[in-house]
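Beneath this line is the structure, given in structure tokens, with notes to follow.
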Amino acid sequence: MPHSDQQVPYTSPVKRKAGDTDAILAANLLLATWTVALIQAHQSFRQKQHTAEAKAVFLAIVDKGSVGIKAAMAETVYA
């Protein structure tokens, strides 16, 4: 585990311009995926009061969204 004064990059840096539309698209797809997953899982829990089912709803949506993000980033530097 690195010390707190060391910086460890989560990903390798990619030299792209600040207005990188691929990065913006990926970030917004990720945000939308997690937003929908959270809302739908919360709705499932409110209706059925079943934690495992709500978790399954959340994970299923995140999985589908991840596939979409991967497809959207195909043939980009982020693939």
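In this text, residue positions in the sequence shown follow this note's numbering: the first is 68, and each later residue adds one.
Each residue gets a CB set at the ideal place from its N, CA and C atoms; glycine is no exception.
Keep in mind that this is a model prediction, so the values were computed, not measured.
Straight through space, the alpha carbons of Lys122 and Ala108 are spaced by roughly 7 angstroms.
Counting along the chain, Glu120 sits inside the alpha helix (DSSP H) bounded by residues 118-139. The shortest CA-to-CA distance from Met140 to any of Ala94, Ile106, Thr102 is the one to Ala94.
Your pair Leu98 and Ile136 does not check out as a contact, with CB atoms roughly 11 angstroms apart and the cut at 8 angstroms. Going by DSSP, Ala108 is part of the alpha helix (DSSP H) stretching over 88-115. Beyond the five residues adjoining it in sequence on each side, Thr143 comes within less than 6 angstroms, by CB distance, of Asp89 in the same chain, given in chain order. Taking the CA atoms as reference points, Ala127 sits about 24 angstroms from Ile91.
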